[in-house]
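Top line first, the protein sequences correspond to chains A and B.
So for the first sequence, our numbering puts the first residue at 1; every next one is plus one.
So for the second sequence, our numbering puts the first residue at 1001; every next one is plus one.
Note that the Cβ used here is the ideal one computed from N, Cα and C, for glycine as well.
So the structure is just underneath, and the comments pick up after that.
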Amino acid sequence: MLKLYSYWRSSCSHRVRIGLNLKGLEYEYKAVNLVKGEQFSPDFLKINPIGYVPALVDGDFVVSDSFAILMYLEEKYPQPPLLPSDLKRKAINYQAANIVSSSIQPLQNLAVVKYIEEKAGADERDIWAKTHIGKGFAALEKLLKDYAGKYATGDEVFLADLYLAPQLYAAVNRFNLDMTQFPLLLRLHEAYSKLPAFQNAAPEKQPDAPSS
Amino acid sequence: MLKLYSYWRSSCSYRVRIGLNLKGLEYEYKAVDLLKGEQFSPEFLKINPIGYVPALVDGDFVVSDSFAILMYLEEKYPQHPLLPSDLKRKAINYQAANLVSSSIQPFQNLTGVKYIEEKVGADEGDVWTKTHIEKGFVALEKLLKDYAGEYATGDEVFLADLFLAPQLYAAINVINLDMTQFPLLLRLHEAYSKLPAFQNAVPEKQPDAPSS
């Protein structure tokens, strides 16, 4: 059975959980507590020497990085597809995914946010996170304007949605970002709340979420 | 003819330039001076409303984000494939590419470093950059250990190499990172210096590079 090393609140783990759910793939959930530094434990490093979460174990093969995992799953378990066949629409999906994974998420992840808080204070941390999320969201509103339908790039769920949903979750629930200037993204956030594959992947529903 | 909006020193533009060269694709070089903020000019925003560089224009289609551009080129111009057919080796390429594009490059680009210098201190910018590069390079050494050959993931050039070459260029030539703990990466850097497709893409050879 597939094993997923995941942290309940990890945006990157959240993306993969959605993908596994969409493809109807069962997996064993293995919690790695990032706040406690469990990604540096000898047990985890033995499985994944680079210490990154999420990590997927498929037999004797370990793959980490949410994008690499999703592309691996996409090729090995092609149904339903995470990418449209149309070349341009596919490109828009890759762009949206990378805006999140390179321009937004790294700048608001746990380690970075802690660093900013240590060096510049809690208020600065929030300004930093909101600034980067806001810039990325402004870009996404423009990028998706001519492509969005029910979901980010049309009327079917594709890769962009797997990246947007966790980022929107973080922006809305963790950072309390004012979403009024991002009407398309807000609409998508609401659409995702109606999809079981997305809802079952939500942080608070994971085995390692705190029980309150 | 393809048009590439690029900045000579942009790591992300550099990746795409290598890809175009490998595939033998001619293109018109359109310089966008990021230091002068030309990515925010009305002319550029008319072409690419999200204002990101690099951007590729293919007829009436504009695609930005280095990864999305490379995947678009990969599908439209399959000569000199950028990805191996083996599923596991392909996954390693995606992982390495994302390690650079999500865990390293976002932390050494201009905007982030300037912000850190403003809010935390002038020296902190360098520390910030070096810390993230080193963490990423440690991970890359481990990731590629069992896969590298003449190049990052074997004896042929693939996607990982397109992401590594610009990052190594920046680390060695711009940041003067001590590479002694990264023997594999140093060896790859030297291998890239012998390949015309890579050398013709280097910053100082671009039309908008300063002429000294």
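Thinking just about the alpha-carbon of each residue, which of the options is nearest to the one in residue i?
i, options, result
"Tyr-1007/B", "Lys-1130/B, Leu-1034/B, Pro-1078/B", "Leu-1034/B"
"Ile-127/A", "Ala-171/A, Gly-149/A, Ile-99/A, Ala-97/A", "Ala-171/A"
"Tyr-5/A", "Val-62/A, Gly-19/A, Lys-23/A, Pro-42/A", "Val-62/A"
"Arg-15/A", "Leu-45/A, Gln-199/A, Val-113/A", "Gln-199/A"
"Arg-17/A", "Val-35/A, Phe-40/A, Leu-34/A, Val-53/A", "Val-53/A"
"Tyr-1192/B", "Phe-1182/B, Asp-1161/B, Glu-1117/B, Ala-1171/B", "Asp-1161/B"
"Pro-1203/B", "Met-1001/B, Arg-1009/B, Leu-1186/B", "Arg-1009/B"
"Ala-68/A", "Tyr-1029/B, Ser-1211/B, Val-1127/B, Leu-1159/B", "Leu-1159/B"
"Ala-160/A", "Val-100/A, Lys-76/A, Asn-33/A, Asn-48/A", "Val-100/A"
"Met-1071/B", "Leu-56/A, Lys-88/A, Leu-70/A", "Lys-88/A"
"Val-1157/B", "Asn-1176/B, Asp-1123/B, Gln-1079/B", "Gln-1079/B"
"Val-112/A", "Trp-1128/B, Ile-1175/B, Lys-1088/B, Asp-1208/B", "Trp-1128/B"
"Ile-50/A", "Ala-1152/B, Ala-1096/B, Glu-1075/B, Arg-1017/B", "Ala-1096/B"
"Ser-1064/B", "Gln-95/A, Gly-37/A, Tyr-72/A", "Gln-95/A"
"Leu-56/A", "Val-32/A, Pro-84/A, His-189/A, Ala-197/A", "Val-32/A"
Counting along the chain, where does the beta strand (DSSP E) carrying residue i start and finish?
i, result
"Tyr-29/A", "27-31"
"Ser-1064/B", "1061-1064"
"Ala-55/A", "55-58"
"Lys-205/A", "Note, Lys-205/A: premise wrong, no beta strand (DSSP E); not H, not E."
"Leu-1099/B", "That residue, Leu-1099/B, is in no beta strand (DSSP E); it is neither H nor E in DSSP."
"Phe-40/A", "That residue, Phe-40/A, is in no beta strand (DSSP E); it is neither H nor E in DSSP."
"Ala-1217/B", "As shown, chain B starts at 1001 and ends at 1212. That puts residue 1217/B outside it, with no answer to give."
"Phe-61/A", "61-64"
"Tyr-5/A", "2-6"
"Lys-1003/B", "1002-1006"
"Leu-1056/B", "1055-1058"
Rounded to a whole number of angstroms, what is the C-alpha to C-alpha distance between residue i and residue j?
i, j, result
"Val-1062/B", "Asp-146/A", "13 Å"
"Leu-1056/B", "Lys-1003/B", "6 Å"
"Gln-181/A", "Ala-139/A", "12 Å"
"Pro-78/A", "Glu-26/A", "15 Å"
"Asp-178/A", "Gly-136/A", "14 Å"
"Asn-1098/B", "Gly-134/A", "22 Å"
"Tyr-192/A", "Ala-1170/B", "40 Å"
"Leu-107/A", "Gln-1039/B", "21 Å"
"Cys-12/A", "Pro-166/A", "8 Å"
"Val-211/A", "Trp-8/A", "For clarity, residue 211/A is Ser in the given sequence; the question names Val instead. If you take the alpha carbons of Ser-211/A and Trp-8/A, they lie about 12 Å apart."
"Asp-208/A", "Leu-110/A", "17 Å"
"Asn-21/A", "Gly-1125/B", "41 Å"
"Ile-1116/B", "Leu-1140/B", "25 Å"
"Lys-1205/B", "Lys-1030/B", "14 Å"
"Ala-120/A", "Gly-149/A", "41 Å"
"Pro-1049/B", "Phe-175/A", "26 Å"
"Lys-1090/B", "Leu-1073/B", "17 Å"
"Ala-197/A", "Pro-203/A", "13 Å"
"Phe-40/A", "Gly-1059/B", "48 Å"
"Arg-1015/B", "His-189/A", "33 Å"
"Leu-1144/B", "Asp-1086/B", "15 Å"
"Thr-131/A", "Asp-1208/B", "30 Å"
"Ser-10/A", "Met-1001/B", "42 Å"
"Lys-194/A", "Met-71/A", "25 Å"
Considering just the uninterrupted stretch of the alpha helix (DSSP H) at residue i, what are its terminal residues?
i, result
"Val-112/A", "110-120"
"Asp-161/A", "159-169"
"Lys-90/A", "87-98"
"His-1189/B", "1183-1192"
"Phe-1198/B", "1196-1199"
"Asn-1021/B", "1011-1022"
"Ser-11/A", "11-22"
Whole-angstrom Cβ separation of residue i and residue j, contact assumed at under 8 Å?
i, j, result
"Ile-1104/B", "Ile-1069/B", "The Cβ separation is near 19 Å, so there is no contact."
"Leu-1185/B", "Phe-1137/B", "6 Å"
"Tyr-1005/B", "Pro-1054/B", "6 Å"
"Glu-74/A", "Pro-81/A", "7 Å"
"Pro-1106/B", "Ser-102/A", "5 Å"
"Gly-19/A", "Leu-185/A", "That pair is no contact at about 20 Å."
"Ala-152/A", "Leu-168/A", "Not confirmed; about 10 Å, so no contact."
"Lys-3/A", "Glu-28/A", "5 Å"
Is it right to say residue i is buried, meaning 16 or more other beta carbons lie within 10 angstroms of its own, or is it exposed?
i, result
"Gly-1019/B", "buried"
"Ala-65/A", "Before going further, note that residue 65/A is Asp rather than Ala in the sequence given. Under this definition Asp-65/A is a buried residue."
"Met-1/A", "exposed"
"Thr-1131/B", "exposed"
"Asn-1200/B", "exposed"
"Phe-1182/B", "buried"
"Thr-1180/B", "exposed"
"Ala-1148/B", "buried"
"Val-35/A", "exposed"
"Leu-45/A", "exposed"
"Pro-1042/B", "exposed"
"Asn-98/A", "buried"
"Lys-90/A", "buried"
"Asn-1176/B", "exposed"
"Ala-122/A", "exposed"
"Asn-1173/B", "exposed"
"Leu-1022/B", "buried"
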